[in-house]
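Going line by line, the protein sequences match chains H and U.
The first sequence maps to residues 1 to 102 in my numbering.
The second sequence maps to residues 1001 to 1648 in my numbering.
Ideal Cβ positions, reconstructed from N, Cα and C, are used throughout, including at glycine.
Reviewing the structure listed below.
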Amino acid sequence: MSGPGTSWYLALAAFLFGLGALGVLIRRNPLIVLLSLELMLNGGNLALIAFSRHFVNGSGQIFGLAVMAVAASEVCVGLGLVVAINRKKLALDVDRLSELRG
Amino acid sequence: MNGMTYGAWICLLSPLVATVLILLGGTTLSRRAAAWLATTSVFVAFGGAVWAFLGVHGDQVTQNRSCIDFGVHCQAQGELTTAWTWLAAGSFHVPLQLLVDPLSTVMMLVVSGVGGLIVLYSIGYMDGDPEERRYFAYIAFFVFSMLLLVEGGNLLLLLVGWGLVGLSSYLLIGFWHEKPSAVRAAKKAFVMNAFGDATMALALFIVIAHTNRLSFDALGASFSGTAANWIALGLLGGAVAKSAQIPLQTWLPDAMEGPTPVSALIHAATMVTAGVYLIARTHVIFEQARTVELVAAGLGALTLLVAGLIALVQTDIKRVIAYSTMSQIGYMFMGVGVGAYSSGMFHLMTHAFFKATLFMTAGLAIHALSGEQDIRNMRGLGKLMPFTKWCFLAGSLALVGIPPFSGFFSKDPIIASAGALGSHGEWYGWVFWLCGIAGALLTGLYTFRLWFLVFPGEPSAFVLEHHHKQGRFGEGPWTMLVPVGVLAVLATFGGWLQWTPHWDPLTKWLQYVTPTLAVAEPSSTLETVTSVAAVLAGATGIAIAWAIYAEKRLAIPKLPAVQRVLENKFYFDELYDRVFYAPSVALANVLRTEVEEPVIVQGGADLGQTTLDAGGAVRRIQTGLLRTYVFFLAAGAAILVLAFLIAK
């Protein structure tokens, strides 16, 4: 085993996750929000795979594959929504798309 | 399956088929067609009953011969025919089965025969009623229920028939549902009958608990004294309610609100006598609980006197006959109660003939006077309606028990059997005997009070004004006159079937099913004395009625207190109002103000309001802003992570 230790990978994963979460929290463009979401998912994925290597257990990698599939399908739906919002000539701003308030 | 079981199934199902056809047919069936369909179905049922009767008769002849020739043990004759298992629960099961035996065939013949004549009579009586079809559907359904009651091959089917006759009686009493009094009477009858149904059901539960069966022979198992007493008491409760005996008698006079053929069929000839049939059918258990059986006899004796007394002051023609019915059923109860089952059944049969005659002639009179039922207005009707007059006279003489009319042959053996109990050293036997004789006097008095007030003499102004001729014969259409004539003939000669102790085919016919108890076998001296005494008592009653109401030689005795008590029917209705009705209403009112309104109504409203308020408070959290949601999510996750870290 060579290369950086597991803690480096985890740090990177935490950084990616935090960056994504920050993006989701502060950006208003739904496209960017989706992008940030992908970052969070990838941060989680990286942590899964790092742990998988650390414990020499393949199931983390399999789980990572599953997360990618989820991410792909989620982004399909999300981009579809963004396109639909754009077609309706609505503002691409998550703060103004608030019809579902109670 | 052989002849007699086919006959029994045809007998049972034919009226049911008619009911279903009339119901499904609706308005596509003309009123006439519905009426004739119902009538035909009941006569077909009578044919089935005759078939079954001949089958049992043939068996009995064969078996009697073999009994005599080979000395084999004679079984109770009859056949159970099972269609399928109707109810099964573990080891307990109840098949759908019919019992065809001497007792049930006698009842089948009476129910479908008298029933057929009365349904035929209804064609004329109900002619022109806008809801004729409904009437005929109900009445065919009643005949089916009654046949199920008498043919049912186990206690459960008997109870089913029992409940269904109560239902059809309710429907028919309340047939004219736009009359509030009819609806009230129907409800009253239903509630009182339901009480009896409930006690019967409880008795059946005890039977199941002890034997795990509901067949009739389960009653022959040896029960502990207490169990036998409770079972017999439960069955007696049902019998008393259905047969309008004290203390559950108050519904029968009110039931006269129904159409007159209904009164004739249900409240005279068939349904109200079901209690007598029940005791005869389940006599095995009553013999195990002899005290309860004697209570039945005592209630019968009491009812026959009380009802006879009340009948003296009634002014509604149908009510007089209704009280007379109660009184006569009292005789039957006394008969089966002391153990003379076949005498009770014989009186049931002759009573069906003469009481149906009386009701239907009363119906002719009511019809001819456009609905008038008050006998004080009817004087002299006989001159205008001779046929009605003579038929009514035949029915009356049979009711009083003047030989050779049928009541003489059937009533006297019952009184004699009660006396036999006395001669066997049981004092209450003589009390019953005296009640019977006193009842005969009352019967003569109230029956001929009715007769002298309504038929002889010159027509009163009211009669002349309101009487209108009907049909080709002036007294009604042939569909009404023929059944009355046939029943009047039966009322006259029907009793010749049996004259104990000289000639007793009916007792022989029934002896395998319901053998008369030895203690209820009167000596021939007692029979003769009883007959003479009863006939004299009846004749005295007639003579008094003649002196008071026809010749006016005797004034009606002025006893205002007694009269008030009698007119108020011994205050039974008032008593039940006070004891049961008023407390229930009070309890219901308390429950309404104390439980329903504060707890149920207010509780429901409070629950709704609280939910609404909570929703109003919580809805502010849902802002519709995606980023707020994410913030809370992230914050929550962060707090969880921190919590875990600290706990570590």
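What is the DSSP secondary structure of T1226(U), counted as helix, strand or coil?
The answer is helix: DSSP assigns T1226(U) an H, G or I state.
What's the call for H1468(U), buried or exposed, on a 16-neighbour Cβ count within 10 Å?
With fewer than 16 Cβ atoms within 10 Å of its Cβ, H1468(U) is classed as exposed.
Among L1235(U), G1161(U), T1260(U) and V1272(U), which has the Cα closest to the Cα of T1250(U)?
It is V1272(U) whose Cα lies nearest to the Cα of T1250(U).
Closer than 8 angstroms, Cβ to any Cβ of chain H: which residues of the stretch 1626 to 1638 of chain U, in chain order?
Residues passing the 8 angstroms Cβ filter: L1626, R1627, V1630, F1631 and A1634.
With a CB to CB cut of under 8 angstroms and the five nearest residues on each side skipped, what residues in its chain are close to Y1549(U)?
Counting only Cβ-Cβ distances below 8 angstroms, and skipping sequence neighbours, we find F1448, R1449, F1452 and L1453.
Look at the alpha carbon of E74(H) and the alpha carbon of V1618(U), and state the distance between them as a whole number of angstroms.
If I take the Cα positions, the gap works out to 30 angstroms.
Can you tell me where the alpha helix (DSSP H) holding V1094(U) begins and where it ends?
It is not in any alpha helix (DSSP H) - V1094(U) instead sits in the beta strand (DSSP E) that spans F1092 to V1100.
Here's the rule: buried if 16 or more other CB atoms are within 10 angstroms of the residue's CB, otherwise exposed. What is V1601(U)?
Burial call: exposed.
Please confirm if the stretch 1484 to 1494 of chain U is in contact with the stretch 1304 to 1312 of chain U, defined as three or more CB-CB distances below 8 angstroms between the two stretches.
Contact fails: fewer than three Cβ-Cβ distances are below 8 angstroms.
Does any residue of chain H have a CB that is nearer than 8 angstroms to the CB of F1644(U)?
No, no contact with chain H.
Could you name the residues of the stretch 13 to 27 of chain H whose beta carbon sits closer than 8 angstroms to any beta carbon of chain U, in the order they occur along the chain?
Under the 8 angstroms Cβ criterion, the stretch 13 to 27 of chain H contributes A21, V24, L25 and I26.
At a CB-CB cut-off below 7 angstroms, which residues of chain H make contact with T1611(U)?
Those do not exist, as T1611(U) stays about 15 angstroms from chain H at its closest Cβ, beyond 7 angstroms.
Counting only the same chain and skipping the five closest in sequence on each side, list residues whose C-beta sits under 6 angstroms from that of I1068(U).
Note that I1068(U) scores a pLDDT of 46, beneath 50, so its modelled location is shaky; the value from the coordinates is reported in the next line. There are no such residues.
Could you check what DSSP says for E1597(U) in three-state terms: helix, strand or coil?
Helix.
What residue range does the alpha helix (DSSP H) around I1520(U) cover?
Before going on, a small fix: residue 1520(U) reads as Ala here, not Ile. No alpha helix (DSSP H) holds A1520(U); DSSP gives it neither H nor E.
By Cβ distance, which residues of its chain are closer than 7 angstroms to P1505(U), with the 5 residues on each side in sequence left out?
Taken in chain order, the residues that qualify are L1497 and Q1498.
Is there a Cβ of chain U sitting closer than 8 angstroms to that of S7(H), yes or no?
Answer no: the Cβ-Cβ gap between S7(H) and chain U never drops below 8 angstroms.
Exposed or buried, what is A1645(U) when buried is set at 16 or more other beta-carbons lying within 10 Å of its beta-carbon?
The question names Ala, but residue 1645(U) in the sequence shown is Leu. L1645(U) is exposed by the Cβ-count criterion.
For L1016(U), name the three-state secondary structure that DSSP assigns.
In the structure shown, L1016(U) sits in a helix (DSSP, three-state: H, G or I).
Figure out for me which residue from R1564(U), I1375(U), P1413(U) and A1232(U) has the closest Cα to the Cα of K1318(U).
Comparing Cα positions, the closest option is I1375(U).
Can you tell which of S1091(U), V1106(U) and A1018(U) has the C-alpha that lies nearest to the C-alpha of F1053(U)?
It is V1106(U).
Looking at the secondary structure, which residues open and close the beta strand (DSSP E) in which T1085(U) lies?
Counting along the chain, the beta strand (DSSP E) containing T1085(U) begins and ends at E1079 to A1089.
So, using beta-carbon positions, are E1527(U) and A1398(U) closer together than 8 angstroms?
No; because the gap between Cβ atoms is not below 8 angstroms, this pair is not in contact.
Contact criterion: CB-CB distance below 8 angstroms. Does L100(H) meet it with respect to chain B?
Any reference to chain B falls outside this structure, whose protein chains are H and U.
Counting C-beta neighbours from all protein chains within 10 Å, is the total for N1193(U) 16 or more, i.e. buried, or is it exposed?
So N1193(U) ends up on the buried side.
I'd like the span of the alpha helix (DSSP H) that includes E1151(U), first residue to last.
Residues E1132 to E1151.
Buried or exposed, going by whether 16 or more other CB atoms sit within 10 Å of the CB of F1405(U)?
It is buried - the Cβ of F1405(U) has at least 16 other Cβ atoms within 10 Å.
Which residue from M1345(U), F1141(U) and V1320(U) puts its Cα closest to that of R1281(U)?
If we check each option's Cα against that of R1281(U), M1345(U) comes out closest.
So who's on the other strand from W1503(U), going by DSSP bridges?
BP columns for W1503(U) point to W1499(U).
At what residue ranges does the stretch 1212 to 1259 of chain U contain a whole run of the alpha helix (DSSP H), taking only runs of 4 or more?
Counting only runs of 4 or more, we get 1225 to 1242 and 1251 to 1254.
Against chain U, does L95(H) count as a neighbour if the rule is that its beta carbon must be under 8 angstroms from one of theirs?
What sits at residue 95(H) in the sequence shown is Asp, not Leu. Taking Cβ atoms only, chain U reaches closer than 8 angstroms to D95(H), which makes this a yes.
Counting only C-beta atoms, is Q1602(U) closer than 8 angstroms to chain H at any point?
No, because no Cβ of chain H sits closer than 8 angstroms to the Cβ of Q1602(U).
From the DSSP output, in three-state form, read off G1663(U) for me.
Residue 1663(U) lies beyond the range of chain U shown here (1001 to 1648); nothing can be said about it.
Measure the alpha-carbon distance for S1343(U) versus R1592(U) and round it to whole angstroms.
So the two alpha carbons sit approximately 52 angstroms from each other.
Count the other CB atoms, across all protein chains shown, that sit within 10 Å of the CB of V1072(U); report buried if there are 16 or more and exposed otherwise.
Here V1072(U) scores only 41 on pLDDT, less than 50, and its place in the model is too uncertain to base an answer on.
Taking the alpha-carbon of L1236(U) as reference, which of P1253(U), A1198(U) and I1118(U) has the nearest alpha-carbon?
With distances taken between Cα atoms, L1236(U) lies closest to A1198(U).
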